[in-house]
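Numbering (mature numbering (1 follows the signal peptide of the UniProt record, and there is no 0)), first residue to last: -20 to -1, 1 to 316. Glycine included, C-beta positions come from ideal geometry on N, C-alpha and C. Contents: one structure, followed by commentary.
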């Protein structure tokens, strides 16, 4: 009996030892070989959702398009972006004391943008250049940071009382945001700390809190959404727009399938491509919105933040291609 129990103890000890070794070892999950996904845009031409896609994990993250107003950069510089997936706009005032700003300061100012209105200076750079944002870099000299008028998409372009006044200053390794609606005399304050796991920390002026929007910066490659862009020299809004995660180093190249087909593209063809690190590397170039739907003769190669290459093609978007508008279908494959 004692001998049997000894064997039992030794056996159990061996099992726990093996488990402990397994738990201590780092499990490396290989990148996905590829998949086909339907993105939940929420339907329609001005779809209510933004959808973030990570090819290596076959995952998507769906967020309400208007659920944030400002993004606070986590990098070395102190930058603030506007929600480029909405019709938000901003203009600087020649004031630095937010408590003195009121409706009278909007005289002669319009914040209407899009479809023939506004200027490109009222939105962020459409290519994603953080040195060309509507809100200037937050200065280390507190007195240099001006007050801005901000009109979110959910506010009225013709009623300044629905607009916000904001001022951003530096606070240690982060930011201090002061904000209120124009007629409000009570100024609210929020502290935003940089988090290097993310490109930005996002804030909703309407709800008065930080919100979870982008996945961690290494965990997404492209985002599909309704988005601010341009036509000629004025802001314009595009449905079915695709941006790349440029701040995490994601790049993309467009490929003509008449030169080399999607199925035949392999690692040996990568050197022939020119990759773009701009936000609009894919943009709207994959589809037409006047009846043609997907451009079947083009696809893309995307290099993710971990150096994996994926070939990406759009299957349907809901015009003349058998899909449903607001629920685009994509297909991607790891290039080996």
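Item	Value
Determine, using beta carbons only, whether residue 327 and residue 205 come nearer to each other than 7 Å.	This structure gives no information on residue 327, because the portion of the chain shown stretches from -20 to 316.
Going by beta carbon distance, what residues of the same chain come within less than 6 Å of residue 110, once the five residues before and after it are set aside?	59
What is the residue span of the beta strand (DSSP E) that residue 146 lies within?	144 to 150
Among 119, 64, 127, 232, which one has its Cα closest to the Cα of residue 326?	Outside the shown range of the chain (-20 to 316) lies residue 326, about which nothing can therefore be said.
For residue 163, count the other beta carbons within 10 Å of its own beta carbon; 16 or more makes it buried, fewer makes it exposed. Which is it?	exposed
Compare the beta carbon distance of residue 302 and residue 296 with 7 Å and say whether it is the shorter of the two.	yes
Check whether the segment 41 to 60 touches the segment 16 to 31, counting contact only when three or more Cβ pairs, one atom from each stretch, lie closer than 8 Å.	yes
Kindly indicate the opening and closing residues of the beta strand (DSSP E) around residue 215.	214 to 224
Count the C-beta pairs between the segment 91 to 108 and the segment 153 to 163 that are closer than 8 Å, then say yes if the count reaches three, no if not.	no
To the nearest angstrom, how far is it from the Cα of residue 1 to the Cα of residue 10?	In this predicted model, residue 1 has a pLDDT of only 44, less than 50, meaning its place in the structure is not dependable enough to derive any value.
Got a sec, what are the start and stop residues for the beta strand (DSSP E) residue 291 sits in?	289 to 296
With burial defined as no fewer than 16 other Cβ atoms inside 10 Å of the residue's Cβ, what is the status of residue 179: buried or exposed?	buried
List the whole-angstrom C-beta distance separating residue 107 from residue 259, where the pair is believed to meet the contact cut-off of C-beta under 8 Å.	5 Å
Once you ignore the five residues that flank residue 209 on each side, which residues in its own chain have a CB closer than 6 Å to its CB?	106, 216, 218
With burial defined as no fewer than 16 other Cβ atoms inside 10 Å of the residue's Cβ, what is the status of residue 188: buried or exposed?	exposed
Which residue wins for smallest C-alpha separation from residue 248, given the options 231, 281, 238?	281
Would you decide whether residue 293 is buried or exposed? Buried here means 16 or more other CB atoms lie within 10 Å of its CB.	buried
Quick one: any contact between the segment 67 to 81 and the segment 117 to 135, if contact means 3 or more CB pairs under 8 Å?	yes
Beta-carbon separation of residue 18 and residue 279 under 7 Å?	no
Between the C-alpha atoms of residue 32 and residue 65, what's the straight-line distance to the nearest angstrom?	12 Å
Output the distance between the C-alpha atoms of residue 316 and residue 213, rounded to the nearest integer angstrom.	42 Å
What is the residue span of the beta strand (DSSP E) that residue 167 lies within?	Premise fails: residue 167 is in no beta strand (DSSP E) and is neither H nor E.
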